[in-house]
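Protein chains: 2
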Amino acid sequence: MTQKLASHSEDFSAWYNEIVQKADLADYSPVRGCMVIKPYGYELWEAVKHGLDRRFKETGHVNAYFPLLIPLSFLEKESEHVEGFSPQLAVVTHGGGKELEEPLVVRPTSETIIGHMYAQWVQSYRDLPVLINQWANVVRWELRTRLFLRTMEFLWQEGHTVHATYEEAEEETLRILGLYKDFAEDDAAIPVVSGRKSESEKFPGALTSYSIEAMMGDKRALQAGTSHNLGQNFAKAFEVTFLDENNETQYCWGTSWGVSTRMVGAIIMVHGDEQGLRMPPVVAPIQVVVVPIYRGDDEKSLVLASVAQLTAELKDAGVRVHLDQREEYTPGWKFNDWEMRGVPLRIEVGPREVAEGKLTCARRDAPRGKGKSAVLRTEVTKEVGRLLAEIQQSLYDQALAFRDSNVKEPSDYEELKEIVQDGWAYTWWCGGTQCEQKIQEETTATSRCIPLEQEGGEGPCIYCGERSTERVYFARAY
Amino acid sequence: MTQKLASHSEDFSAWYNEIVQKADLADYSPVRGCMVIKPYGYELWEAVKHGLDRRFKETGHVNAYFPLLIPLSFLEKESEHVEGFSPQLAVVTHGGGKELEEPLVVRPTSETIIGHMYAQWVQSYRDLPVLINQWANVVRWELRTRLFLRTMEFLWQEGHTVHATYEEAEEETLRILGLYKDFAEDDAAIPVVSGRKSESEKFPGALTSYSIEAMMGDKRALQAGTSHNLGQNFAKAFEVTFLDENNETQYCWGTSWGVSTRMVGAIIMVHGDEQGLRMPPVVAPIQVVVVPIYRGDDEKSLVLASVAQLTAELKDAGVRVHLDQREEYTPGWKFNDWEMRGVPLRIEVGPREVAEGKLTCARRDAPRGKGKSAVLRTEVTKEVGRLLAEIQQSLYDQALAFRDSNVKEPSDYEELKEIVQDGWAYTWWCGGTQCEQKIQEETTATSRCIPLEQEGGEGPCIYCGERSTERVYFARAY
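Heads up: the sequence lines are chains A and B, in that order.
This note's numbering puts the first residue of the first sequence at 10, with every later residue one more than the last.
This note's numbering puts the first residue of the second sequence at 10, with every later residue one more than the last.
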């Protein structure tokens with residue numbers, strides 16, 4: 010476990026694949042394209058769930074659960090939707106030993122079956138809005154997969170709401186985008202850009218799609234969450250109507266939005282370094298690891314008694330603390346191991362620490378060998394809280410500085426080509442699908458999003474030179 | 010919504026089907042046999058999850074996630090297992106537009122794929138025990154389905170552990186059975202019998218199966234949780250081995266255990282009455298509903314200001330409280346509605362209550378029209394806490410008294426036949442599969458479990474008269 014990792018700076022892709030397995034976050038499964046989420050990775054996902062679920066509930070959303078299996082005919086009711094998802098479907102043709110009359114698809118997303126139910130549940134304007142979220146697994150047949158980033162089956166939340174007006178649906182779509190940004194920045198310490206997707210990048214069946222985009226450690230972009238204004242497309246396909254206050258029948262306006270186990274991949278790729286993972290304290294499965302150091306039985310009993318009390322004290326204070334009492338490894342080996350696993354703070358306790366009433370704290374966010382400090386034993390709870398908050402902020406600041414130094418504004422198309430080889434380009438774009446496709450073909454970079462916050466003004470499209478009023482990010486992406 | 014429910018005492022089955030839909034717990038789905046869990050039902054399931062998950066984590070278990078789709082060949086590696094589950098499989102034959110080389114089954118349970126992974130993860134005795142739980146959906150093709158009780162897809166937790174010895178596996182199996190009993194009794198207010206399943210009722214592939222059994226409102230039994238000692242069966246099928254302290258290769262000893270959305274059905278069926286649901290406060294999505302009562306604008310502003318403050322105060326105290334401000338319904342209509350939905354405590358606030366500094370509290374566990382009391386406004390937080398604890402205890406006591414009065418000891422087989430028409434029979438049984446089958450054929454009652462706590466002694470088998478040393482429950486079951 011302590012052999013050297015692939016280099017983060019030289020071969021990021023190999024580094025990622027290795028660290029996910031070495032740190033026991035996930036494993037490959039015998040079913041091609043599916044993954045096994047191991048306990049350490051699942052705890053990270055639970056922290057993501059917790060952070061999002063809390064925000065959904067605070068804004069009036071409730072959870073529900075809809076069936077995994079969907080009649081194939083349902084998908085066919087919305088033409089863009091079925092076109093988008095058909096190539097990715099897993100199809101159940103047999104059940105209970107018999108061939109089915111109509112094949113069932115394993116849900117790739119649930120707009121259709123939820124639309125079908127909403128048509129029955131919504132009658133009057135009094136029933137609106139419906140603000141439902143679902144935590145579920147979905148399956149999309151993928152040929153090129155990668156642990157957490159793109160897997161055939163993945164876990165996610167999918168919110169599905171219906172409203173009386175376009176304005177309310179648009180407001181909801183943006184409210185959720187705001188929650189996603191909030192979670193990414195405050196909990197996962199990942200700075201993100203919120204913006205609108207281009208026509209060609211939007212969700213099949215949506216009116217408008219929005220996303221949050223984050224820069225990974227190799228400067229590629231990753232779409233970390235999406236929120237869609239579905240307009241009346243699914244309402245019309247599934248007859249989701251209501252009687253308004255004037256007793257007239259209207260179609261509902263819908264939204265859908267999701268964050269998946271990809272977010273775990275983002276946390277790994279944004280914060281990791283040559284030594285391995287670096288977990289933001291708010292979502293870290295283990296925030297503090299305590300490593301006892303001793304030689305001989307006398308020191309051992311002294312130190313172990315001390316760390317047991319320390320661990321209990323931190324636990325009582327609500328800190329997620331782990332005491333590493335393994336006897337088969339040296340302290341040095343453990344330091345490396347927990348660094349690789351990204352635990353934000355390590356506390357070393359030897360006989361000297363016990364005698365002096367001090368503890369040695371080592372921060373994972375600092376360069377190796379730095380970031381050590383002595384903390385008074387009597388102050389430990391307060392100091393650990395302070396250090397964890399500092400580490401959270403420092404990881405965010407590092408990621409922000411990294412992103413800012415790798416976003417550039419090209420003065421012409423040749424410069425854009427260079428920039429997207431190793432960063433993001435922020436540039437004027439006419440909004441035309443043709444220019445977007447040409448750029449993608451010639452650079453492999455895609456339009457990521459048209460940020461909500463624009464400086465205004467106008468400029469020439471980086472590709473065709475037409476006058477344009479919005480700027481966009483182009484980047485190579487996961 | 011206020012039309013009369015089917016009668017709880019006269020047609021329990023119709024009552025159940027109606028209340029599940031009327032109280033917005035669940036709905037039928039367009040896919041035969043699948044259900045939609047609506048927000049109110051899902052919140053109840055979240056409370057079940059929370060109560061169990063906490064107990065698992067306190068006893069050293071961790072969560073993980075394994076793939077939904079399992080190669081068909083995996084199931085075939087354990088002969089009893091495949092025989093048991095084959096008739097119930099949903100099979101994916103096509104993915105990404107192509108026919109698959111090997112069909113994949115939608116997991117009916119995960120022993121096989123988890124066994125496959127454990128074979129790779131476990132090398133040495135130092136890796137043991139592995140104590141993993143998974144929260145997941147599973148699919149079993151069922152022809153006769155019923156919301157929550159028996160659905161094609163259901164949600165559950167499935168624990169899968171491996172150990173170095175038989176003794177440890179058996180200890181774990183019984184530890185979990187204890188947690189299940191603890192949850193059922195303390196959180197769900199459902200008295201249960203813990204016991205061993207007969208040979209014919211055990212899990213396909215297990216050495217020994219245990220269950221908790223509860224009596225529903227119609228005196229039928231429901232298996233509310235199971236815990237299995239798998240012996241080395243799956244370890245042998247999947248080569249899950251470890252090097253012991255003497256460096257010798259050994260097969261691991263396994264367990265698996267699960268509680269599903271059936272538990273929600275049990276909560277409905279144990280506590281419900283003629284008026285509808287009765288939710289135990291510990292798991293109730295809404296513990297307290299506040300209903301304002303007023304005529305005219307003056308009273309309205311007075312009362313609404315008062316209930317807003319009351320609701321905020323209870324919320325701050327950690328009570329799950331809901332304020333029913335709907336204007337289109339009368340207070341009387343609301344009383345019926347919340348009774349039907351089973352909210353444990355209702356607080357009525359009118360101008361008189363505001364003037365006198367008192368509140369009217371109505372308990373759902375008391376007979377209709379009784380259970381009202383006046384509570385001082387200044388004491389409300391304390392009093393609500395006390396009342397909720399009393400209601401929790403009272404629901405448990407009522408269920409226990411009901412069960413105790415409907416378990417009878419037959420003196421001969423004729424008497425057993427009568428007892429199981431309307432209750433449970435507790436009786437000596439030789440343990441023979443033949444006697445068990447005859448009883449089932451002649452009475453439709455099945456052996457539920459051989460309770461762990463036995464009075465000792467011996468007696469004649471109720472069917473064949475052979476000397477036997479254990480007693481068993483026979484009952485008609487869900």
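Yeah, the Cβ is synthetic: ideal placement off N, Cα and C, and Gly gets one too.
- The DSSP assignment places 297-301 as complete runs of the beta strand (DSSP E) inside the stretch 296-320 of chain A, in order along the chain (cut-off: 3 residues).
- When rounded, the separation of the alpha-carbon atoms in Leu137(B) and His172(B) is 6 Å.
- Non-local beta-carbon contacts of Arg149(B) in its own chain, meaning distances under 7 Å to residues more than five positions away in sequence, involve Gln97, Pro117 and Met161 in chain order.
- For Gly104(A), the closest Cβ of chain B is nearer than 9 Å.
- Between the stretch 29-41 of chain B and the stretch 68-79 of chain A there are three or more C-beta pairs closer than 8 Å, enough to call the two in contact.
- At a cut-off of 9 Å between C-beta atoms, Asn72(A) counts as an interface residue with respect to chain B.
- Restricting attention to alpha helix (DSSP H) runs no shorter than 4 residues, the stretch 440-465 of chain B encloses them at 442-452, ordered along the chain.
- In this model, Glu418(B) and Lys47(B) are separated by some 41 Å (Cα to Cα).
- When C-beta distances to chain B are compared with 8 Å, the residues of the stretch 24-41 of chain A below that value are Asp36, Ser38, Pro39 and Val40, in chain order.
- In the pairwise beta carbon analysis, the stretch 254-270 of chain B is classified as not touching the stretch 282-302 of chain B: fewer than three pairs are separated by under 8 Å.
- When Cβ-Cβ separations below 9 Å define contact, Cys261(B) makes no contact with chain A.
- From the beta-carbon of Glu162(B), the residues of chain A found nearer than 8 Å are Pro76, Leu77 and Leu78.
- Contacts with chain B at 9 Å (Cβ-Cβ) include Lys47(A).
- Taking C-beta separations shorter than 8 Å and ignoring five residues to either side along the sequence, the partners of Ser477(A) in its chain run Trp437, Trp438, Cys439, Gly440, Glu467, Gly468, Pro469 and Cys470, following chain order.
- Considering only Lys245(A), Arg372(A) and Arg329(A), the residue with the shortest C-alpha distance to Phe344(A) is Arg372(A).
- For Gln166(A) against Val268(A), the beta-carbon gap comes to about 6 Å, under 8 Å, which counts as contact.
- Listed along the chain, the chain B residues whose CB falls inside 9 Å of the CB of Tyr405(A) amount to none; the nearest CB is some 27 Å away.
- If only complete runs of 4 or more residues are kept, the stretch 27-86 of chain A shows the alpha helix (DSSP H) at 48-67 and 81-84, in order along the chain.
- Linking Glu348(A) to Arg287(A) through their CA atoms gives a straight-line distance of about 8 Å.
- Within chain A, the residues placing a beta-carbon under 8 Å from that of Pro96(B) are Gly105 and Gly106, ordered along the chain.
- Within chain B, the C-beta atoms nearer than 7 Å to that of Trp150(A) come from Gly104 and Gly105, in chain order.
- Under DSSP, Tyr219(B) takes part in a beta bridge, and its partners are Arg205(B) and Ser236(B).
- The three-state secondary structure of Lys211(B), taken from DSSP, is coil.
- Rounded to whole angstroms, Glu177(B) and Asn26(A) show a C-alpha spacing of 36 Å.
- The C-beta distance from Ala32(B) to Gly285(B) rounds to 6 Å, short enough to fall under 8 Å.
- In the DSSP assignment, Asn242(A) falls outside any beta strand (DSSP E) and lies within the alpha helix (DSSP H) extending over Asn242 to Phe247.
- Listed in chain order, the non-local C-beta contacts of Ile428(A) below 7 Å within the same chain comprise Lys417, Pro419 and Ala434, local neighbours out to five positions each way being set aside.
- Under DSSP, Met224(B) forms a beta bridge with Ala230(B).
- Among the residues of chain A, those whose CB is under 8 Å from the CB of Tyr51(B) are Val71, Asn72, Ala73 and Tyr74, following chain order.
- Within the stretch 143-212 of chain B, the runs of beta strand (DSSP E) that reach at least 3 residues and sit entirely inside it are, in chain order, 162-172 and 202-205.
- Excluding five sequence positions before and after Asp227(B), the CB atoms of its chain that fall closer than 6 Å to its own CB belong to Phe21, given in chain order.
- Between the stretch 99-111 of chain A and the stretch 123-136 of chain A there are fewer than three C-beta pairs closer than 8 Å, too few to call the two in contact.
- According to DSSP, Cys370(B) shares a beta bridge with Ile356(B) and Ser382(B).
- With the criterion set as a beta carbon lying under 8 Å from some beta carbon of chain A, the members of the stretch 135-150 of chain B are Arg135, Ile141, Ala145, Asn146, Val148 and Trp150, in sequence order.
- The residues His90, Val91, Phe94, Val114 and Thr121, in chain order, have a CB closer than 7 Å to that of Leu84(B) in the same chain once the five nearest residues on each side in sequence are set aside.
- Not flagged as an interface residue toward chain B: Val316(A), since no C-beta distance is shorter than 9 Å.
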